[in-house]
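The next block holds one structure in the form of C-alpha cells; read it before the comments.
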Amino acid sequence: MEQKTKQEILSVEELSVSFSMYQKGLRKGNLEVLHKLSLSVRAGEILAVAGSSGSGKSILAHAILGILPGNACMDGRMLYKGQPLTEKEKKGLRGREIAFIPQSVDYLDPLMRVGKQVRGVRGTKERQRELFRKYGLEEGVERKYPFMLSGGMARRVLIASALMEDACLIVADEPTPGLSERLTEETLKSFREMADAGCAVLLITHDIDLAFKAADRIAVFYAGTVVEIAPAEDFRKGKEALRHPYSRAFLEALPQNEFCPLPGFQPYAAKLPKGCLFAERCRERNEMCMGEIPMRKVRGGEVRCVHAR
Amino acid sequence: MTRLKYMGKTVLRLLTLLIAVSILSFLLLEASPVDPLTAYIGTDSTLSEEAKEEIIRHWGLKEPPVTRFLKWAGNFVCGDWGESITYKKPVKTVIAERLKYSLALMLAAWLFSGILGYAFGMLAAVRQGKLTDKVIKTFSLTLQSAPVFWIGLLFLSFFAVRLGWFPIGLATPMGKTAEEVTVFDRIYHMILPAVTLSVLGTGKTALYTRQKFIEILNKEFILYARARGESTGQIIWRHGIRNTLMPAVTVQFASFSELFGGIALAESVFSYPGIGSALTAAGLGGDVPLLLGIAVCSAVFVFAGNLAANLLYLVLEPRAGSFV
Ligand SMILES: Nc1ncnc2c1ncn2[C@@H]1O[C@H](COP(=O)(O)OP(=O)(O)OP(=O)(O)O)[C@@H](O)[C@H]1O
Ligand code: SF4
Ligand SMILES: [Mg+2]
C-alpha cells in the first residue's frame, strides 16, 4: 500500500522502437524491436525486467538513456518524475540523475585508465576511492587499463561508475554475470540501499531467479514487449499466482522447478505473428488471441493476455 | 632479452633493405640509356680520344658491372662514397650540403600536413554526412590524387609569379653571400615548396583520421560516455583524441617514403637545392655514385620513419604488451 503513495520516477508508455534497415533488394524496411511497451518504476522500488536473450532489454535501456543508434526510430511517451522525458531532457539528466550500468566491458574506453573513467567528467577522487574500497577493488586498479581487468573486476568498475553521482534512477543492464556469489549479494544489497534512499532501480536481467530475489516487482519481457508485470512474491508463490502463460512457462523451465523448457523460439522481429506474440507457443490459444491484445490489470498485476483472470 | 632480439632483427632488416636498394638502383642505372661519359663531357664535346680514354679509366666506366658494383660497395662500407660526376665533388659533400635543406623542407611539410590533416579529419568525422564533411572529403580526395609537380607549378605561377608574394625559386635570395642570409630568408624561400609537398599528405591524413574517428564514434564506449553525460566536446577531448591520435601519427610516420618521393618533384619545380633536385640531376646524368648514395640515404630515412612508427605504437598502445 505504501508504494502507491511513492512518486513515479520513470514511466514508459506505449514505447515502440524500430530500426530502418536495408534488407534484400536494397529496399528500406522497418524492423520493430519494441512494441507498445509500458512500465513504470517508483521511488524506493526495484523493478526487474526479465526476458530471454534478444527480447529487446538492452534496447529498452538505451531508449531510456537516449543513446539509440541513428537508424532507430522511437514512438510513445516517457515521463520522468511526471514531466515529459524528451531527448533534450535526457541529455541534461543522464550521468547526473539517471545512471546507467552497461551490459559489457566493451563500454569502457580501452585506452583510458580505469580510475579516470570511473570518475567521469564530474566525479571526485575521494568518492572513487571510497567506491573502490566498497567493492573490493585495490587501489592499483585505478591505474589499470580495461583490458587488464578480469570480468568480475570490470563489472565492479561499471557499478562503481554508476554510483559516482547521486542518481535518482538507475538503469542496470545485466549487472551481475561474472560476479561471485558474495559480490552479487553485495551489488544487490547496494541496489536495495539506493532504493531505500529513494532511488528507482530498473534491473535488467535474463535470470528470473535473480529477479525475484532482488526485485519488488517483475516485468516479463517477450519478443519486444512486456507480457506481465507482477509483484515478485507472485513469482515466489509459484505459477498459479501468475497471469500469463509465458511467465508460467518461464518459471517451469527453472531447474529447481519442473525444469521443462518451453518448446519453440521467440519470433524474430521481422516475422512477427498477428495478434498475440506468444500465440505460436501457447497452449491456451484460441481465435480470440488473433486480435490486438491490450495490457490489462488483473489481480494486482498487469498482463497482456485475453484469457488471464 | 626480447628487446635485444628486436634490435637484432631490426638491424638485420635494415641491412637487407640497404643491399637490395643499392643493387636495384645500380641495375636501373645500368639499364638506362644515358651514357655517363656523354653526360659528363657533354654531347658536343671536342675532347681528344686520349682524354676520353683517360676519363673512362678514371671512372672505371668500361669494367664489367659486377666488378664496378663490388668496388663501389667495398669503398662505400669503408666510408668512401665516391665522386659525383654531375657536381664534381665528393658524394658525401653533395649529400651533406643538400640534406639540411631537404630535411628542413620535409620536416615543415610533415608537421604541416600532420596537424592540418588531423584537424580536418576530426572535424569531418564529427560532422559526418553534413556539408563540412562533404567539403573536406571532396577536397582531400582531390588533393590526394593531384600530382605534386602540377600543384607546385600552380602555386608557383599563382603565388610567386602572379601575386609576387613568394620567391620564384632557390633556398636563399640570389646575390646574397652565405653570411648575409637570415633565418627569415630561408623560411621565406621554404614556404611554397613545403606547402606543395604537404598537400598530398594533408588529404591522406585527413581521410585516414576521419575514417578512424568515425569507427571510434560507433564504438560502445562512446555510447556509454554519452550515457554518463559527456558532451560532444568532452567526448572528442577525452575519447576521440586518445583513440585516434596514435593511429594518425603512425600513418604520418609511415608517409615518410611518400614525402621522399615528393621532394624530387617539388624541389625540381622550385629549383630548391636539396636532395630531391640532386637526385633528378644524378638520374638524368647517369651519376652512379651520387644516385646510389642518395638511394641508400633515403632508404635509411624511410626505414627510420617506419621504425619510429612501430616504436611509438609500442610505447603509446598499452595493449601491445610491455616491450618498452
Ligand atoms: N542497431 C540495430 N539494428 C537492428 N536491429 C538491432 C539493433 N540492435 C539490436 N537489434 C535487434 O534488437 C533485438 C533486441 O536486442 P537487445 O540487445 O535489446 O536484446 P537483449 O534482450 O538485450 O538480449 P541479451 O540478453 O542478449 O542482451 C535483437 O533481436 C537485435 O537483433
Ligand atoms: S493471448 Fe492467447 S495466445 Fe496470447 S498468451 Fe494469452 S492465451 Fe496465449
Ligand atoms: Mg542486452
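Protein chains in written order, with our numbering: chain V, 490 to 798; chain W, 1067 to 1390.
We put the CB at the ideal spot given by N, CA and C, even for glycine.
Since the model is a prediction, treat every value here as computed from it, not as a measurement.
Let me confirm a value: D705/V is counted as buried when at least 16 other C-beta atoms fall within 10 Å, else exposed. Which label applies?
buried
Could you check the C-alpha separation between Q606/V and P558/V for me, to the nearest Å?
23 Å
Does F1287/W come within less than 8 Å of chain V when only Cβ atoms are used?
yes
Just to confirm the assignment: which complete beta strand (DSSP E) runs, minimum length 3, are found wholly within the region 674 to 726 of chain V?
689 to 694, 706 to 711, 714 to 720
Apply the 10 Å Cβ neighbour rule to H1124/W and answer buried if 16 or more other Cβ atoms are within range, or exposed otherwise.
exposed
Any non-hydrogen atom of ligand 2 closer than 7 Å to F767/V Cβ:
yes
What are the partner residues of P756/V, as DSSP defines its beta bridges?
Answer is none; P756/V lacks a bridge partner.
Can you tell me where the beta strand (DSSP E) with V1227/W in it begins and where it stops?
Premise fails: V1227/W is in no beta strand (DSSP E) and is neither H nor E.
From the beta carbon of E1296/W, is the nearest beta carbon of chain V less than 8 Å away?
yes
Using 8 Å as the threshold, is the region 688 to 706 of chain V in touch with the region 749 to 760 of chain V, meaning 3 or more CB pairs across them?
no
Kindly indicate which three-state DSSP category N560/V falls into: helix, strand or coil?
coil
Does any C-beta atom of chain V lie closer than 8 Å to the C-beta of F1185/W?
The sequence as given places Ala at residue 1185/W; Phe does not occur at that position. Not closer than 8 Å to any Cβ of chain V, the Cβ of A1185/W fails to qualify, so no.
Considering only heavy atoms of ligand 3, does any lie closer than 7 Å to the CB of D696/V?
no
In DSSP terms, what A588/V is bridged to
I659/V
Please determine, among Y1338/W, L1136/W, K1158/W, the residue with the shortest C-alpha to C-alpha distance to M1172/W.
Y1338/W
Measuring from the CB of Q606/V, is there a heavy atom of ligand 3 at a distance below 7 Å?
no
Give the interface partners of R585/V over in chain W, defined as CB-CB distance under 8 Å, in chain order.
G1295
Taking the alpha-carbon positions, what's the A1260/W to A1175/W distance?
5 Å
Unbroken alpha helix (DSSP H) runs of length 4 or more, entirely within the region 1212 to 1280 of chain W: which are they?
1214 to 1221
Beta-carbon separation (whole angstroms), R737/V vs K726/V, contact threshold 8 Å
Not confirmed; about 12 Å, so no contact.
Taking 7 Å as the cut-off, does the CB of S796/V come closer than this to any heavy atom belonging to ligand 2?
Note on identity: in this sequence residue 796/V is His, with Ser being the wrong assignment. Yes, since a heavy atom of ligand 2 falls inside the 7 Å radius drawn around the Cβ of H796/V.
If you follow the beta strand (DSSP E) that E534/V is in, where does it begin and where does it stop?
534 to 539
Could you tell me the boundaries of the alpha helix (DSSP H) in which R785/V lies?
From DSSP, R785/V is part of no alpha helix (DSSP H) but of the beta strand (DSSP E) over 785 to 787.
Check the C-beta distance from L1311/W over to G1267/W and give it rounded, since I have them as a contact under 8 Å.
That pair is no contact at about 16 Å.
Strand pairing of L526/V, partner residues [DSSP]:
L504/V
Can you tell me which of the three DSSP states M510/V falls into?
strand
Taking only beta-carbon positions, decide if G629/V is within less than 8 Å of chain W.
no
Closer than 7 Å at the beta carbon, the chain W residues around T735/V:
According to the sequence as given, residue 735/V is Tyr; it is not Thr. Those within 7 Å of Y735/V in chain W number zero; the least Cβ separation is about 30 Å.
Inter-residue spacing [alpha-carbon to alpha-carbon] between P666/V and V1366/W
53 Å
N-terminal and C-terminal residue of the alpha helix (DSSP H) that V1317/W is part of
1307 to 1320
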